[in-house]
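Residue numbers (this note's numbering): 173 to 259.
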């Protein structure tokens, strides 16, 4: 059935847009296959854990604090109810 849109279903003719899209997809797949990761240095990993993971959390105001904290210095009024941050 011909719908008049310039493309006959089942025909083998390719338009310039189809070939451009095919070339684009081939280059995109080639670029995706060449992406490589790396190993993070141990000192950088420890530094990231210090600032992101090793924290205590105040149970009253949910403030993220240093692990050696004795009293909360955030908005809750200096409580000492803490929990360790779940990693």
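Beta carbons: idealized from backbone N, C-alpha and C, even for Gly. Quick caveat: nothing in here was measured; it's all calculated off a predicted structure.
Cβ of residue i within 8 Å of any chain D Cβ
{"i": "residue 225", "result": "Among the chains of the structure shown, chain D does not appear; only one protein chain is present."}
Residue i - DSSP class collapsed to helix/strand/coil
{"i": "residue 237", "result": "strand"}
{"i": "residue 141", "result": "Because the chain in this structure spans residues 173 to 259, residue 141 falls outside the shown range and cannot be described."}
{"i": "residue 173", "result": "Legend: pLDDT at residue 173 = 48, less than 50; position of this residue unreliable, no value from coordinates given."}
Neighbour-count burial assignment, residue i, 16 or more Cβ in a 10 Å radius
{"i": "residue 234", "result": "exposed"}
{"i": "residue 230", "result": "buried"}
{"i": "residue 261", "result": "There is simply no residue 261 to check, as the chain begins at 173 and stops at 259 in what is shown."}
{"i": "residue 244", "result": "buried"}
Residue range of the unbroken alpha helix (DSSP H) whose run includes residue i
{"i": "residue 217", "result": "214-224"}
Boundaries (first-last residue) of the beta strand (DSSP E) holding residue i
{"i": "residue 257", "result": "First-last for residue 257: undefined, no H or E at that position."}
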